[in-house]
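Numbering (the working numbering), first residue to last: 12 to 191. We put the beta carbon where it would ideally sit given N, CA and C, even for glycine. Computed from a prediction, not measured in an experiment: that's the story for all the values here. What follows is one structure encoded as structure tokens, with my remarks underneath.
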Amino acid sequence: MGIPLVLRKIPLADPKRDETFKVVDRRLFTAEGELREEVAAEEKLRREEPVAAPKPQQSAAKPAGPAAVPQQPEPAAPPEPADVPERMRGFEALVNFIAQNAAMLLGAYPDPRSGQAMLDLDGARELIDMLDALREKTRGHLAPEEDRLLLDVLGSLKLTFMEMTKVAAQAMQEKAKSRT
12 MGIPLVLRKI PLADPKRDET FKVVDRRLFT AEGELREEVA AEEKLRREEP VAAPKPQQSA
72 AKPAGPAAVP QQPEPAAPPE PADVPERMRG FEALVNFIAQ NAAMLLGAYP DPRSGQAMLD
132 LDGARELIDM LDALREKTRG HLAPEEDRLL LDVLGSLKLT FMEMTKVAAQ AMQEKAKSRT
């Protein structure tokens, strides 16, 4: 008992249709490294358009006919600042909590029990990676202050992590030298 297999002819290409395609060179520069003429012409047109565009809008503002339609996209720009997310204290507290724990693992704060600085590079790396993931997943959804806070904290922690890694590596080398 087998499964019946139905074979049908599927043409790979239609011999009656002659398919052609056009190759368009969209490179900005020639083989000699000079700007291509078409690109230079397009760039010149782009520069002239913004200067010419306000004049028709000003004169078109007087007639109420078809000129009213092009003016509707302009009011769409102001709502963007209204879409800026609000600052949340909970988010800042979360960032500070993770950052303080990472700083503690990098030796910034003494251990409450022993009173000595603790160095756990692997644990600190995990917490820094968490903050990186948090920044990546919340990109575009943070208030500017929150984004700045996260960026500053990450920069500071990464710099401290690199410095402490170098110090730990030097200490390991000195310890190895003293054994020999």
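Please report the straight-line C-alpha distance between residue i and residue j, rounded to a whole angstrom.
i: Ala144; j: Glu137; result: 10 Å
i: Gln181; j: Arg38; result: 50 Å
i: Phe108; j: Glu157; result: 14 Å
i: Ile139; j: Thr191; result: 36 Å
i: Glu185; j: Gly151; result: 46 Å
i: Asp163; j: Asp122; result: 25 Å
i: Arg146; j: Lys33; result: 43 Å
i: Gln111; j: Gly134; result: 12 Å
i: Leu142; j: Thr149; result: 10 Å
i: Glu53; j: Glu97; result: 41 Å
i: Gly44; j: Leu170; result: 40 Å
i: Lys177; j: Leu168; result: 14 Å
I think residue i touches residue j, with their Cβ atoms under 8 Å apart; what is that distance to the nearest whole Å?
i: Met175; j: Leu130; result: 7 Å
i: Tyr9; j: Ala114; result: With the chain covering only 12 through 191, there is no way to say anything about residue 9.
i: Val95; j: Ala154; result: 6 Å
i: Glu103; j: Leu165; result: Not confirmed; about 14 Å, so no contact.
i: Leu132; j: Ala179; result: 6 Å
Which residues does DSSP list as the beta-bridge partners of residue i?
i: Pro121; result: Ala128
i: Leu46; result: Phe40
Counting only the same chain and skipping the five closest in sequence on each side, list residues whose C-beta sits under 6 Å from that of residue i.
i: Gly126; result: none
i: Gly118; result: Ala128 and Leu130
i: Gln101; result: Reading off the sequence shown, one finds Gly at residue 101, where the question assumed Gln. Answer for Gly101: no residue qualifies.
Once you ignore the five residues that flank residue i on each side, which residues in its own chain have a CB closer than 7 Å to its CB?
i: Thr41; result: Arg47
i: Met173; result: none
i: Ala87; result: Any reading at Ala87 must be qualified, since the residue scores a pLDDT of 49, below 50, and its modelled position is unreliable; no value is offered.
Note down, in chain order, each residue of its chain lying with its Cβ closer than 8 Å to the Cβ of residue i, except the 5 sequence neighbours on either side.
i: Met99; result: Ala154 and Glu157
i: Glu49; result: none
i: Ala51; result: none
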